[in-house]
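Colleague:
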Amino acid sequence: IDRVLTETLNQYPRIYAVHINLNLPSDFEGDYLAVFAHFFRILESETNELCKDKYTGRTYQNPQTVIRYIWTEASVSTSDHHHHLILLFDRDLFQNLGTGREGWGRFLYKKVRKTWDRVVEASYSQSCSGLAYSPTNEGFELLSDAEVFPLQLNEFFYRISRLAKPIANQNDHRNKSFGCSHDS
1 IDRVLTETLN
11 QYPRIYAVHI
21 NLNLPSDFEG
31 DYLAVFAHFF
41 RILESETNEL
51 CKDKYTGRTY
61 QNPQTVIRYI
71 WTEASVSTSD
81 HHHHLILLFD
91 RDLFQNLGTG
101 REGWGRFLYK
111 KVRKTWDRVV
121 EASYSQSCSG
131 LAYSPTNEGF
141 ELLSDAEVFP
151 LQLNEFFYRI
161 SRLAKPIANQ
171 NDHRNKSFGC
181 SHDS
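Per UniProt numbering, the very first residue in the sequence shown carries number 1; after that it's consecutive.
Okay, structure coming up:
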C-alpha cells in the first residue's frame, strides 16, 4: 500500500482516490486474476480517451493518466465473490467520481462500472450488469502541496488499512487475496 501511494504521489502531487466494490457472479469459476488484469488495461485506455476528449486544444501538458490501484478480497464472512478496489488518479485530471448528476466526472463512474461488467461478461459468457459500485459515491483527495496533507494522509491510510484483513481462506495464497499496481 505504501509503495503504490508513494509511486502515485511521486508522479502526481495531487491524487483523487475512490473506493469501488467489485462483484463477480456467484457461480463464476473463471480466473479472476486475469479478469482484474484485463479490467485495468481497458480502464486505463478508456480513461486516457476521456482525458484526450476533455483536454484536446487546451494547454494541459499531460492529458493521459496512469491509474494506480490496490485491491483486496472481501472478508471470509461474505459468501459472494466480492473485492474492494481503491483507484488512484491524477487529481488535476479527475476531480470527482460522479454519480450521473454532475458534469464531466460522471463519465468516470460509468466507465469503471461498464468496464468491469464488460470484462466479467467476456470471461463469464453471460450478460452482466451492476457488478461494480461505489459504496459511498465519494472520493478522497490527497494534496501533497497543501498544508493539511499530513492529516489527509493519516485519514487515507486509516480508511484503506481497514481493507487489509487476514487471508480469507487458509488454503489461499496471499497474492490471490491482495493485489496492486506496479511501477511502469
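Positions of the beta carbon are idealized from the N, C-alpha and C atoms, including for glycine. Please read all numbers here as calculations on a predicted model, not as lab measurements.
For Y16, I'd like the list of residues in its chain whose CB is within less than 7 Å of its CB, leaving aside the five on either flank, ordered along the chain.
Modeller: The answer, listed in chain order, is F89, R91, F94, Q95, G139 and E141.
Colleague: So is A37 in contact with chain D if we call contact Cβ pairs under 8 Å?
Modeller: No chain D is part of this structure, which consists of one protein chain only.
Colleague: Out of P150, R113 and D2, point me to the one whose CA is closest to F39's CA.
Modeller: Cα-wise, what sits closest to F39 is R113.
Colleague: With respect to the alpha helix (DSSP H) encompassing I160, which residues constitute its N-terminal and C-terminal limits?
Modeller: F149 to S161 is the extent of the alpha helix (DSSP H) around I160.
Colleague: Could you tell me the alpha carbon to alpha carbon distance between Q64 and D53, rounded to whole angstroms?
Modeller: Their backbone Cα atoms lie some 11 Å apart in a straight line.
Colleague: Report the CB separation of I86 from I67 in whole angstroms; it is logged as a contact under 8 Å.
Modeller: Their Cβ separation, rounded to whole angstroms, is 11 Å, which puts I86 and I67 out of contact at 8 Å.
Colleague: In this structure, how does DSSP classify Y16 when only helix, strand and coil are distinguished?
Modeller: Strand.
Colleague: Distance check for I1 and V35, CA to CA, integer angstroms please.
Modeller: Approximately 21 Å between the Cα atoms of the pair.
Colleague: For F156 and Y109, what's the separation of their Cα atoms in angstroms?
Modeller: Roughly 20 Å between the two C-alpha positions.
Colleague: How long is the line joining the alpha carbons of Q126 and K111, rounded to whole angstroms?
Modeller: The alpha-carbon atoms of Q126 and K111 are separated by roughly 20 Å.
Colleague: Mind checking V148: buried by the 16 CB within 10 Å criterion, or exposed?
Modeller: Burial call: exposed.
Colleague: Give the straight-line distance between the Cα atoms of W104 and E46, rounded to the nearest whole angstrom.
Modeller: Here W104 scores only 45 on pLDDT, less than 50, and its place in the model should not be relied on; the value that follows carries that caveat. Each residue's Cα considered, the two are about 14 Å apart.
Colleague: Since D117 is in the alpha helix (DSSP H), which residue starts that stretch and which ends it?
Modeller: Note, D117: alpha helix (DSSP H), R106 to Y124.
Colleague: Taking the beta strand (DSSP E) that E73 falls in, what are its first and last residues?
Modeller: That run of the beta strand (DSSP E) goes R68 to E73.
Colleague: Y12: buried (16+ other C-beta within 10 angstroms of its C-beta) or exposed?
Modeller: When all chains shown are included, Y12 counts as buried.
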